[in-house]
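Peer 1: In the numbering used here, the protein residues as written are 9 to 452.
Structure in structure tokens, see below.
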Amino acid sequence: MATKKNRTSSISTKTTAKKSVADSVVKVALLGFGTVGSSVAKVLASARFPGLELTHIFNRNVARKRVSPAANVVPDSVVWSEDISVVLKSNADVVVELMGGLTPAEGWIRKALSSGKSVVTANKQLIAYRGRSLERLAAQHGVHLVYGAAVAGGVPVIPGMQQGLGGDRLTRLSGIVNGTCNYILSRMESGADYATVLADAQQLGYAEADPAADVDGYDARAKLCILSRIALRAELDPDAVTTQSISTVEAVDFAYAKELNCTIRQVSRAQLEGGMVHARVAPMLVPLSSPMAWSHGTQNMVVTSGVFGGDVVFSGHGAGGEPTAVAVVSDLLAVAHDSTVVRLPARKRPVTGEFMAPHYLRFVVDDKPGIVSAIAGALAKVGANIDSLLQRPGYPKHRLPFVVTTEPCLTSTIEKAMNSIAKLDCMLERPLCLQIVIPEDKPE
Ligand SMILES: NC(=O)c1ccc[n+]([C@@H]2O[C@H](COP(=O)([O-])OP(=O)(O)OC[C@H]3O[C@@H](n4cnc5c(N)ncnc54)[C@H](OP(=O)(O)O)[C@@H]3O)[C@@H](O)[C@H]2O)c1
Numbered sequence: 009m010a011t012k013k014n015r016t017s018s019i020s021t022k023t024t025a026k027k028s029v030a031d032s033v034v035k036v037a038l039l040g041f042g043t044v045g046s047s048v049a050k051v052l053a054s055a056r057f058p059g060l061e062l063t064h065i066f067n068r069n070v071a072r073k074r075v076s077p078a079a080n081v082v083p084d085s086v087v088w089s090e091d092i093s094v095v096l097k098s099n100a101d102v103v104v105e106l107m108g109g110l111t112p113a114e115g116w117i118r119k120a121l122s123s124g125k126s127v128v129t130a131n132k133q134l135i136a137y138r139g140r141s142l143e144r145l146a147a148q149h150g151v152h153l154v155y156g157a158a159v160a161g162g163v164p165v166i167p168g169m170q171q172g173l174g175g176d177r178l179t180r181l182s183g184i185v186n187g188t189c190n191y192i193l194s195r196m197e198s199g200a201d202y203a204t205v206l207a208d209a210q211q212l213g214y215a216e217a218d219p220a221a222d223v224d225g226y227d228a229r230a231k232l233c234i235l236s237r238i239a240l241r242a243e244l245d246p247d248a249v250t251t252q253s254i255s256t257v258e259a260v261d262f263a264y265a266k267e268l269n270c271t272i273r274q275v276s277r278a279q280l281e282g283g284m285v286h287a288r289v290a291p292m293l294v295p296l297s298s299p300m301a302w303s304h305g306t307q308n309m310v311v312t313s314g315v316f317g318g319d320v321v322f323s324g325h326g327a328g329g330e331p332t333a334v335a336v337v338s339d340l341l342a343v344a345h346d347s348t349v350v351r352l353p354a355r356k357r358p359v360t361g362e363f364m365a366p367h368y369l370r371f372v373v374d375d376k377p378g379i380v381s382a383i384a385g386a387l388a389k390v391g392a393n394i395d396s397l398l399q400r401p402g403y404p405k406h407r408l409p410f411v412v413t414t415e416p417c418l419t420s421t422i423e424k425a426m427n428s429i430a431k432l433d434c435m436l437e438r439p440l441c442l443q444i445v446i447p448e449d450k451p452e
């Protein structure tokens with residue numbers, strides 16, 4: 009890769025402006041001094057990486073950041089600013105964007121790339137929605153855009169897939185990429201109810217005051233789209249990917265899942281078949297023997313399936329300032345060493361939420377004769393076969409939860425039946441429908 013040698017200054021040029029440790033010190037500007045930004049400053053200060061120098065920190069109302077305890081590690085030479093033009097016009101070679109959100113991050117990243125600065129970011133929403141066009145802009149200006157921390161925080165899923173698995177043809181990926189949901193669901197596994205665990209997660213800082221982006225699946229959806237681009241070489245429109253909230257899963261579902269030798273996790277999965285990508289983010293039953301069941305708390309896990317190399321599992325701390333900072337600094341080192349990232353071309357692909365899978369259906373009813381035959385009739389009408397019926401003792405007859413599992417069938421088929429079952433008089437709440445993940449799951 010062509011790197012401009014012996015540059016005396018890295019201030020914006022429209023020509024190739026990459027600078028590597030082979031040239032001299034690579035100057036780094038941080039945008040955002042929050043959880044991850046301050047941890048990046050800490051890692052850079054403590055590990056003293058030769059060739060990397062933190063020169064600028066930008067944040068709104070920067071004075072309070074400058075006197076925060078996290079600022080103690082920051083060298084005196086660093087310029088603190090709340091004026092973005094100070095950074096964009098500076099001699100920093102790499103801008104590290106750790107503010108989050110689409111605006112104003114996108115505009116500032118575009119300006120940085122256009123002025124010949126490489127960019128490292130952990131911003132999943134930005135990369136999911138704008139990654140392709142930003143990559144084009146970076147290539148046009150001969151600089152790097154790297155985002156290894158955007159999915160699974162400290163777990164090197166993105167560089168692992170780009171570098172280590174670039175030689176395989178990956179056809180499927182599935183995983184747990186939202187630590188908040190994994191914390192909630194893995195605690196519910198031990199009997200706690202959703203509302204209590206969510207409140208705990210908020211107190212511990214694992215969940216936002218408005219938890220919708222996590223529990224309703226939008227955060228995981230952005231990550232799934234980034235992973236699909238790299239693993240399946242498929243560009244997906246994030247808004248077209250089906251999501252289902254974990255908020256309707258109840259403690260009783262874990263009891264029934266256990267009887268089926270399963271537990272419940274928020275699974276993000278995508279599979280390339282016949283030019284179409286089958287993708288979905290939803291709570292699903294996963295076998296207790298599968299890697300996804302082993303991941304607890306805020307851990308992340310991604311399993312890829314390749315035609316030649318088979319399954320590969322990535323796992324570790326998916327969030328938190330310091331694990332994520334490790335991924336950011338690793339990206340910085342790659343930029344500083346001008347390392348060539350393997351970027352195989354991705355194509356726009358249509359997306360569907362359909363999977364051929366067995367399904368778990370949970371009903372809460374005011375018990376009376378004929379309910380099971382009404383449910384069986386509705387399922388038979390759409391051609392879905394019942395595999396098992398589970399009813400645990402100890403629940404009151406006037407509010408009885410019981411479960412039906414089906415043989416593999418399309419999710420849309422099941423949803424059709426569920427719409428008519430939901431209208432039965434005896435139904436006390438909307439029935440819950442979850443896919444059951446089995447290794448042989450195949451999209452239609
Ligand atoms: N935290 C994690 O575990 C984790 C893991 C993987 C990826 N990420 C990604 O890393 C990025 C940063 O996350 P974080 O957890 O560090 O967030 P954070 O703690 O909220 O930090 C963001 C920082 O950026 C500043 N900021 C935000 N918008 C700004 C604006 N318009 N102008 C100037 N400053 C602005 C904030 O200032 P204020 O203090 O004034 O709000 C704050 O200091 C996000 O893209 C996130 O998705 C985070």
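Built from N, CA and C at the ideal position, the CB exists for glycine as well.
Owing to the predicted nature of the structure, the values given are computational and were not obtained by experimental measurement.
Return the residue from the list G150, A425, G305 that minimises the CA-CA distance to V102.
Peer 2: Looking up residue 102 in the sequence shown gives position 94. The candidate whose alpha carbon is nearest that of V102 is G150.
Peer 1: Look at L110 and L142 and say whether their C-beta atoms are less than 8 Å apart.
Peer 2: For the purposes of this step, residue 110 is taken as residue 102 along the sequence shown, with counting starting at 1. For the purposes of this step, residue 142 is taken as residue 134 along the sequence shown, with counting starting at 1. Not a contact, by the Cβ cut-off of 8 Å.
Peer 1: Flag this pair as yes or no: are the beta carbons of A333 and V44 separated by less than 8 Å?
Peer 2: Numbered from its first residue, the sequence shown carries residue 333 at position 325. Numbered from its first residue, the sequence shown carries residue 44 at position 36. Their beta carbons are under 8 Å apart, which means A333 touches V44 by this criterion.
Peer 1: Can you tell me the Cα-Cα spacing of A200 and I117, whole angstroms?
Peer 2: Residue numbering aside, residue 200 sits at position 192 when the sequence shown is read from its first letter. Residue numbering aside, residue 117 sits at position 109 when the sequence shown is read from its first letter. Their Cα atoms are separated by approximately 43 Å.
Peer 1: Rounded to the nearest angstrom, how far is the Cβ of Q274 from that of I422, given a contact under 8 Å?
Peer 2: The residue given as residue 274 occupies position 266 in the sequence shown. The residue given as residue 422 occupies position 414 in the sequence shown. About 19 Å; that fails the 8 Å criterion.
Peer 1: Please say whether M300 and I444 have beta carbons closer to each other than 8 Å?
Peer 2: Along the sequence shown, one-based indexing puts residue 444 at 436. Along the sequence shown, one-based indexing puts residue 300 at 292. No, the pair does not count as a contact, with Cβ atoms beyond the cut-off.
Peer 1: Within 10 angstroms of the Cβ of R195, are there 16 or more other Cβ atoms? Answer buried if so, exposed if not.
Peer 2: Here residue 195 corresponds to residue number 187 of the sequence shown, with the count starting at 1. Classification of R195: buried, given that the 10 Å Cβ count is 16 or more.
Peer 1: Roughly how many angstroms lie between the CA atoms of N8 and G318, to the nearest whole one?
Peer 2: Given a span of 9 to 452 for the chain in the structure shown, any question on residue 8 remains unanswerable.
Peer 1: Buried or exposed: which applies to K13, given that a residue is buried once 16 or more other Cβ atoms fall within 10 Å of its Cβ?
Peer 2: Counting from 1 along the sequence shown, the entry for residue 13 is found at position 5. Low per-residue confidence applies at K13: pLDDT is 30, beneath 50, and the placement is therefore not dependable enough to give any value.
Peer 1: Indicate the three-state DSSP secondary structure (helix, strand or coil) for I446 in the structure shown.
Peer 2: Taking the first residue of the sequence shown as position 1, residue 446 is located at position 438. In the structure shown, I446 sits in coil (DSSP, three-state: anything other than H, G, I, E or B).
Peer 1: What does DSSP give as the partner residue(s) for D319 in the beta ladder?
Peer 2: Numbered from its first residue, the sequence shown carries residue 319 at position 311. Looking at the DSSP assignment, D319 forms a beta bridge with S313.
Peer 1: Going along the chain, which unbroken runs of the alpha helix (DSSP H) with 4 or more residues stay wholly within the region 113-172?
Peer 2: You should have 113-122, 132-148.
Peer 1: Out of curiosity, what's the CA-to-CA distance linking G213 and G328?
Peer 2: Residue numbering aside, residue 213 sits at position 205 when the sequence shown is read from its first letter. Residue numbering aside, residue 328 sits at position 320 when the sequence shown is read from its first letter. Answer to the nearest angstrom: the Cα atoms are 10 Å apart.
Peer 1: Using 8 Å for Cβ pairs, my map puts V70 next to L340. What's the rounded Cβ distance?
Peer 2: As a working mapping, residue 70 is identified with position 62 in the sequence shown. As a working mapping, residue 340 is identified with position 332 in the sequence shown. Contact doesn't hold; Cβ gap of about 21 Å is too wide.
Peer 1: Please state the DSSP three-state secondary structure of S98.
Peer 2: Stepping through the sequence shown from its first residue, residue 98 is reached at position 90. DSSP places S98 in coil when its eight states are reduced to three.
Peer 1: Of all the options D227, L436, T204, which has the alpha carbon lying nearest to the alpha carbon of P404?
Peer 2: Start at 1 with the first residue of the sequence shown, and residue 404 comes out as number 396. Of the candidates D227, L436, T204, the one whose C-alpha sits nearest the C-alpha of P404 is L436.
Peer 1: What residue does the alpha helix (DSSP H) around D208 start on, and which one ends it?
Peer 2: Within the sequence shown, numbered from 1, the residue matching residue 208 stands at position 200. Taken as a continuous stretch (DSSP letters only), the alpha helix (DSSP H) holding D208 covers 202-211.
Peer 1: When every heavy atom of ligand 1 is checked, does at least one fall within less than 7 Å of the C-beta of G156?
Peer 2: For the purposes of this step, residue 156 is taken as the residue at position 148 of the sequence shown. G156: no, Cβ never under 7 Å from ligand 1.
Peer 1: Does any heavy atom of ligand 1 sit closer than 7 Å to the C-beta of N308?
Peer 2: By one-based count along the sequence shown, residue 308 stands at place 300. No.
Peer 1: Going straight from the alpha carbon of T16 to that of K119, what length do you get?
Peer 2: Residue 16 sits at position 8 when you count from the first residue of the sequence shown. Residue 119 sits at position 111 when you count from the first residue of the sequence shown. At T16 the pLDDT is 26, less than 50, meaning the model places this residue with poor confidence; the figure from the coordinates comes in the next sentence. Each residue's alpha carbon lies about 21 Å from the other.
Peer 1: Just list the residues that DSSP pairs W88 with in beta bridges.
Peer 2: Along the sequence shown, read from residue 1 onward, the residue named residue 88 stands at position 80. Answer by DSSP bridge pairing, in chain order: I65.
Peer 1: Run through DSSP, which three-state label would R180 get?
Peer 2: Mapped onto the sequence shown, residue 180 falls at position 172. In the structure shown, R180 sits in a strand (DSSP, three-state: E or B).
Peer 1: Using only the alpha-carbon positions, how far apart do S313 and R180 sit?
Peer 2: For this step, residue 313 is matched to residue 305 along the sequence shown. For this step, residue 180 is matched to residue 172 along the sequence shown. C-alpha separation (whole angstroms): 5 Å.
Peer 1: Following the continuous beta strand (DSSP E) through S76, name the residue where it begins and the one where it ends.
Peer 2: Looking up residue 76 in the sequence shown gives position 68. Counting along the chain, S76 falls outside any beta strand (DSSP E), and DSSP gives it neither H nor E.
Peer 1: Could you check whether F371 and P416 sit closer than 8 Å to each other, using their CB atoms as the reference points?
Peer 2: Counting from one through the sequence shown, the residue named residue 416 turns up at place 408. Counting from one through the sequence shown, the residue named residue 371 turns up at place 363. Not closer than 8 Å, so no.
Peer 1: So N131 packs on G161, CB below 8 Å; how close in whole Å?
Peer 2: Looking up residue 131 in the sequence shown gives position 123. Looking up residue 161 in the sequence shown gives position 153. Not quite, the Cβ-Cβ distance comes to about 13 Å (not below 8 Å), so this is no contact.
Peer 1: What is the rounded straight-line gap between the Cα of Q279 and the Cα of L232?
Peer 2: Residue mapping note: residue 279 aligns to position 271 of the sequence shown, counting from 1. Residue mapping note: residue 232 aligns to position 224 of the sequence shown, counting from 1. Cα to Cα, the separation comes out at about 11 Å.
Peer 1: Going by DSSP, which residues form a beta bridge with C417?
Peer 2: On the sequence shown, residue 417 is found 409 positions in, with the first residue counted as 1. Answer by DSSP bridge pairing, in chain order: A365.
Peer 1: Using a Cβ-based criterion (distance less than 7 Å to any ligand heavy atom), does G42 qualify as near ligand 1?
Peer 2: For this step, residue 42 is matched to residue 34 along the sequence shown. G42: yes, Cβ under 7 Å from ligand 1.
Peer 1: Give the single residue among V223, N190, R288 whose Cα lies nearest to the Cα of G326.
Peer 2: In the sequence shown, counting from the first residue as 1, residue 326 sits at position 318. Here the closest residue by C-alpha is N190.
Peer 1: Which class does I394 belong to by DSSP, given the choice of helix, strand or coil?
Peer 2: Numbered from its first residue, the sequence shown carries residue 394 at position 386. It is a strand residue.
Peer 1: Spatial neighbours of R140 within its chain, please: C-beta separation below 7 Å, excluding the five flanking residues on both sides.
Peer 2: For the purposes of this step, residue 140 is identified with residue 132 of the sequence shown, where counting begins at 1. Only E243 meet the Cβ criterion.
Peer 1: Is L38 close to ligand 1? I mean its beta-carbon at under 7 Å from any heavy atom of the ligand.
Peer 2: Your numbering for residue 38 matches position 30 in the sequence shown. No, since every heavy atom of ligand 1 falls outside the 7 Å radius drawn around the Cβ of L38.
Peer 1: Indicate the three-state DSSP secondary structure (helix, strand or coil) for A430 in the structure shown.
Peer 2: Taking the sequence shown and counting its residues from 1, one reaches residue 430 at position 422. Coil at A430, not helix or strand.
Peer 1: Three-state secondary structure (DSSP) at A354?
Peer 2: On the sequence shown, position 346 is the one that residue 354 refers to. Note: A354 maps to coil in three-state DSSP.
Peer 1: In whole angstroms, what is the alpha-carbon distance linking V321 and A228?
Peer 2: Taking the sequence shown and counting its residues from 1, the one referred to as residue 321 is at position 313. Taking the sequence shown and counting its residues from 1, the one referred to as residue 228 is at position 220. Spanning the two alpha carbons is a distance of roughly 18 Å.
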